[in-house]
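In my numbering, the protein residues as written are 5 to 841.
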C-alpha cells in the first residue's frame, strides 16, 4: 500500500493486524527508510531528510507500556550515556497510565512531562490497530531556543529534539470511528539513527554527523565552496547530500527513474540534486562522483551498494545527461516568458511539463526564487484535460460483463480449469447470461456469456490472451470468441452458429489447438527473454508488463537506456541457445514460501495466494506464473526480436516472434535483401550491397550540398527583395511576408541573413508546404534589448488564426493549423507588431 517504506513498522503491519505470525514476539530492527512529504524542508532545517535509518523495538502481544518505557530509558541513559537531567517526555493527553509509569517507575517530575493532543501523540492510519504515543526529547540547551517564554517540549524550534517515539498499540479503530481495546496490545518504537548520532557527536545538524559530513565535504570540494558561510549555498549543499543518499539506496533496491510511482519519486530526487549542484556552481557532471562517496561510507553496512555499483552509477549517469538537456531547454524557456511576470499561467507551466519534461515541482521552486507564483489550478486543469484527451483517444467498446455481471457470477463455485494439458474436454453449463440477465437457453445467431463447471479455455490473465474455439453437441455448433475471469469464475463469450445451447446440459469444448501451441511458444519465450536480459544488461532488469498471443510476444522491462545493436543480438542469440538446449519445462504448485526458497521470481504488484504455480526451465528460469507453456524449450523452435523501443522513462519494450512466425519473418527479410541486390545489381556476398548503398548515400549528400549552395545564392536575391518591401516603424525595419515552399530551418536561415544586412529589424515569415503551414518571427539584438519579444508576438499572431506557438525573445515559431488563413495571419501580424513596437 506504500510507494516506499517510510517507517519502522510499515513492513511489520501484517504482524500487527494478525494476517501473519511474527518470527518472534520481540523484534528489533534497523532499516532503510525514505520519507518525502517534507521534501521542501530538506536543507532548510537541521533535522529534515528524505533518507534515514530507523531503529525500532517491537512487541507482538508480549511486553507493554511499563517494559517499553523502562527499556527506552535504560538504553538512552545507561547505554548511550545521555544525562538524565536533559531528557523530557511527552504523552497523549488522556494517557494517565503512561504518565504514572514515567513518574513512579522512572521518577520524572511533572515539569518534565508534557501532555499533547491527538495530532501529536496518537498514532493511527485509517482503520485497524492504533494507540497513544510517548516521545522522549533531549534538551540541547538555551542556545538552540527560539527565545519564546513558552518554549518547551512540542515547540517547533531546535532546542527540544525528539530522539525516541514509543507507540502503545492498544486499540482497534473500526470504519465508524469507534475504538475497542485489543486483546493483545503491541509495542512499536522508533528512533532515527541520524538524530541520535547528531546529539551523541555534539553536532548541530544531522548533516554534520561523521558519515553524512563525509559526503557533504566532498560536495563542497566539487563546488569550491565552504559550508557555513552562506545560507542559500548551505541549503543546496544539504539537499545534494541528503538526496544522493536516497537515490543510491533506492536504485540499489531495484527502483529506476520513471514518470509514475516510486520511479517518479526517484526521478524527482535526482533532478533536485542536479539543479542544486548548478545553483552552487558545479558545472560538470557530478552526481556519479558523489554517489561513489555514499558507497564508500555505507558499503560495508549495506554490501548491496558495492555489488550493484556499476548499474547504480550507470542509471545516475544516464539520468543526469537527460536532465541536463531538459533543464537547459526549460530554463531558456522560463527566462523567455517570465520577464516582468507576477504569475506564471497554468497553460505555460503545463507546456513546460508536457512538452519539455520539466517537472512542475522544479518550476514552482524556480518561480518562487524569482518571486513569481504558479497558477497551480490552471496547471491541474490542463493536466486533467490532457488526460481526458488521452483517455478518449484510447477508449473503445469494452464488454461490460467485467463489472456488470459480478453479482450474477459470484454465486457459482470456482471454475475448474483443465486446459494446461488437455485442449478439449466436457463442461456442464451453470449459467447463460444475456443482456445482464440469466436465461435458460440461446439459439441460432444469438450471443451470450456462458459459465461452465470446468473448461479447457484459458481466460485472459497474466498478459496471456484467452483461447478461442468451439462448443459442440448433438444439436448445437457454437464459437467461443472471448474468455475472461470474474474472480475464479471463467466467463465465455459465445456466439451460436446453429442449434440451441441450454443451461444444465454437458457439451464438448475444444480450443483451437494451433493458436494455443503458438501462444505457449511465445509465453515460454518471455521467460527465456527475461533471463537473457538479466544476463546481458544486469540484475536490475525486471518485468514491467507483457502480452502474448498466437502471433507474437511483447515484453516490457525496467532498464535505463536504449539497448545497443550488439546487446540485442546477444540477447537474441542467448534465447535461441536456451531453445536449442532442449531444456525440460516443469510446472507445479507449492507454498509461496517454498517457491521463494527455490528462487522463483514474482512480479511486483501481482497478488499471490498461499499456494502458487511455479514454472521452472532447468537452471535458466524459475518464475511464478499461471500461464500456459511448452513442455520443452525446443518446442519454441526459433526466437526473433523485431523491435526494441521505449515505453516510458525507465521502461523498455521488446517485441519478438517465435516458431513459424519467426521463420517467415526471417525468410521475408532474406527476400528483401535479394530484391535490394537485384535493384543495386550487386551480389549477396561480402557485404557488396552495403558498400553500394553507402556509395549512393555519399553521392546523395554531395548533391544535397550542391542544391543547398544554389538555394543559398537564391536566398541572397530573396533577402534583397524582402528588404526592399520592409516598412519603417520609427528606426526599425519591419519585414512581414509569405515565402514559397520553405521549411522551418530554411526560414530561420533567411531571417539570419536579413538581420546581417538590417541594423534594427523585426521579421515575420510564413510558408505553406503541402497541407502544413509554418510561421517564424525573429528580431535583431537591439530591438530585443528595447523590450520586443518574438515569443509573445508569434503567440498573439498564432492565436488570431486559432493556432499556437511561442519561443525566445529573439526567435520564435508557430504552426498554422488552417492553411486557408495564411493571408489573414500575415495581415494580423502587421497590425499586432504595430502595438508591440
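No residue lacks a Cβ here, since even glycine has one placed at the ideal position from N, Cα and C. All values derive from a computational prediction rather than experimental measurement.
Which one or two residues does DSSP pair with residue 164 in a beta bridge?
-> Mapped onto the chain shown, residue 164 falls at position 160. For residue 164, which the question treats as bridged, DSSP gives the partners 143.
With a CB to CB cut of under 8 Å and the five nearest residues on each side skipped, what residues in its chain are close to residue 230?
-> Here residue 230 corresponds to residue number 226 of the chain shown, with the count starting at 1. Within the same chain, residue 230 has close Cβ partners 224.
Alpha carbon of residue 463 to alpha carbon of residue 566, nearest angstrom | Position 459 of the chain shown, counted from the first residue, corresponds to residue 463. Position 562 of the chain shown, counted from the first residue, corresponds to residue 566. Answer to the nearest angstrom: the Cα atoms are 34 Å apart.
So is residue 827 buried or exposed if we call it buried at 16+ other beta carbons inside 10 Å?
-> Taking the first residue of the chain shown as 1, we reach residue 827 at position 823. Per the 10 Å Cβ criterion, exposed.
Could you work out which residue in 208, 287, 176, 214 is closest to residue 148 when comparing CA atoms only?
-> Here residue 148 refers to the residue found at position 144 of the chain shown. Residue 148 has its Cα closest to that of 208, out of 208, 287, 176, 214.
When the Cα of residue 362 is compared with those of 263, 313, 137, 836, which residue comes out closest?
-> Position 358 of the chain shown, counted from the first residue, corresponds to residue 362. Nearest of 263, 313, 137, 836 to residue 362, Cα basis: 263.
Give a single yes or no on whether residue 134 has its beta carbon closer than 8 Å to a heavy atom of the ligand NAD.
-> The ligand NAD is not part of this structure, which contains no ligands at all.
Candidates 169, 778, 439, of which the one nearest residue 13 by Cα | Looking up residue 13 in the chain shown gives position 9. Residue 169 is the option with its Cα nearest to residue 13.
In whole angstroms, what is the alpha-carbon distance linking residue 574 and residue 583?
-> Locating residue 574 in the chain shown gives position 570, counting from the first residue. Locating residue 583 in the chain shown gives position 579, counting from the first residue. Taking the straight line joining both Cα atoms gives about 14 Å.
Check the DSSP bridge columns for residue 780 and list the partner residues they point to.
-> Counting from 1 along the chain shown, the entry for residue 780 is found at position 776. In the DSSP output, where bridge partners are listed per residue, residue 780 has 769, 817.
Completely contained beta strand (DSSP E) runs for the segment 81 to 143, where each covers 3 or more residues = 91 to 96, 117 to 120, 132 to 143
Looking at residue 233 and residue 283, is the spacing between their C-beta atoms short of 9 Å?
-> Locating residue 283 in the chain shown gives position 279, where the first residue counts as 1. Locating residue 233 in the chain shown gives position 229, where the first residue counts as 1. No, these two residues do not count as a Cβ contact at 9 Å.
Alpha carbon to alpha carbon, how far is residue 748 from residue 778?
-> Translated into the one-based positions of the chain shown, residue 748 becomes position 744. Translated into the one-based positions of the chain shown, residue 778 becomes position 774. Residue 748 and residue 778: Cα-Cα distance of roughly 7 Å.
Under the three-state DSSP convention, the category residue 170 falls into = Position 166 of the chain shown, counted from the start, is the residue given in the question as residue 170. Of the three classes helix, strand and coil, the one that applies to residue 170 here is strand, per DSSP.
Out of curiosity, what's the CA-to-CA distance linking residue 684 and residue 700?
-> Locating residue 684 in the chain shown gives position 680, counting from the first residue. Locating residue 700 in the chain shown gives position 696, counting from the first residue. So the two alpha carbons sit approximately 10 Å from each other.
Between residue 439 and residue 616, what straight-line distance do the alpha-carbon atoms span, to the nearest angstrom?
-> Position 435 of the chain shown, counted from the start, is the residue given in the question as residue 439. Position 612 of the chain shown, counted from the start, is the residue given in the question as residue 616. Distance between the alpha carbons of residue 439 and residue 616 is about 36 Å.
Leaving out five residues on either side along the sequence, give the residues of the same chain with a beta carbon under 6 Å from the beta carbon of residue 193.
-> As a working note, residue 193 is residue 189 in the chain shown. So the qualifying residues of the chain are 60, 61, 170.
Helix, strand or coil for residue 524, going by three-state DSSP, please let me know.
-> As a first step, residue 524 is located in the chain shown; it is residue number 520 there, counting from the start. Note: residue 524 maps to helix in three-state DSSP.
Report the residue from 447, 488, 293 whose alpha carbon sits nearest the alpha carbon of residue 501.
-> Here residue 501 corresponds to residue number 497 of the chain shown, with the count starting at 1. Residue 501 has its Cα closest to that of 447, out of 447, 488, 293.
Since residue 265 is in the alpha helix (DSSP H), which residue starts that stretch and which ends it?
-> As a working note, residue 265 is residue 261 in the chain shown. From DSSP, the alpha helix (DSSP H) with residue 265 extends over 265 to 283.
In terms of DSSP beta bridges, what is residue 176 paired with?
-> Taking the first residue of the chain shown as 1, we reach residue 176 at position 172. According to DSSP, which records beta bridges pairwise, residue 176 is partnered with 133, 184.
Buried or exposed for residue 491, please, with buried defined as at least 16 other CB atoms from any protein chain shown within 10 angstroms of its CB.
-> If you number the chain shown from 1, residue 491 lands on position 487. Counting of Cβ neighbours within 10 angstroms places residue 491 among the exposed residues, the total staying below 16.
Given a threshold of 16 other Cβ atoms within 10 Å of its Cβ, counted over all protein chains shown, does residue 786 qualify as buried or as exposed?
-> Counting from 1 along the chain shown, the entry for residue 786 is found at position 782. With fewer than 16 Cβ atoms within 10 Å of its Cβ, residue 786 is classed as exposed.
Please list, in chain order, all residues of the same chain as residue 823 whose beta carbon is under 8 Å from its beta carbon, the five residues on each side excluded.
-> Walking along the chain shown from the start, residue 823 turns up at place 819. So the list reads 772, 775, 776, 777, once near-sequence residues are dropped.
Contact between the segment 651 to 667 and the segment 521 to 531 (3+ Cβ pairs under 8 Å) | yes
Host beta strand (DSSP E) of residue 10 (start-end) | As a working note, residue 10 is residue 6 in the chain shown. Residue 10 -> no beta strand (DSSP E), and no H or E assigned at all.
Residues of its chain near residue 780, where Cβ-Cβ distance is below 7 Å and the 5 sequence neighbours each way are ignored | Working through the chain shown from its first residue, we reach residue 780 at position 776. Excluding sequence neighbours, residue 780 sits near 748, 751, 752, 755, 769, 817.
Extent of the continuous beta strand (DSSP E) to which residue 431 belongs | Position 427 of the chain shown, counting from 1, holds the residue named residue 431. Start and end: 428 to 438.
List the residues that DSSP assigns as beta-bridge partners of residue 594.
-> Position 590 of the chain shown, counting from 1, holds the residue named residue 594. Per DSSP, 616.
Among 560, 596, 579, 555, which residue has its Cα nearest to the Cα of residue 540?
-> Taking the chain shown and counting its residues from 1, one reaches residue 540 at position 536. For residue 540, the nearest C-alpha among the options comes from 579.
At a cut of 8 Å, does the segment 467 to 483 reach the segment 542 to 554 through at least three beta carbon pairs?
-> yes
Could you tell me how far apart the beta carbons of residue 727 and residue 762 are, in whole angstroms, since I believe they sit closer than 8 Å?
-> Residue 727 sits at position 723 when you count from the first residue of the chain shown. Residue 762 sits at position 758 when you count from the first residue of the chain shown. Correct: roughly 6 Å between the Cβ atoms.
Flag this pair as touching only if the segment 470 to 482 and the segment 529 to 536 have three or more C-beta atom pairs under 8 Å; answer yes or no.
-> no
Separation of residue 313 from residue 680, as counted between CA atoms = Taking the first residue of the chain shown as position 1, residue 680 is located at position 676. Taking the first residue of the chain shown as position 1, residue 313 is located at position 309. About 46 Å.
Is the beta carbon of residue 300 sitting closer than 9 Å to the one on residue 320?
-> In the chain shown, the residue the question calls residue 300 occupies position 296. In the chain shown, the residue the question calls residue 320 occupies position 316. Not in contact: residue 300 and residue 320 (Cβ atoms no closer than 9 Å).
Out of curiosity, what's the CA-to-CA distance linking residue 598 and residue 497?
-> Residue 598 sits at position 594 when you count from the first residue of the chain shown. Residue 497 sits at position 493 when you count from the first residue of the chain shown. Computed Cα separation, rounded: 37 Å.
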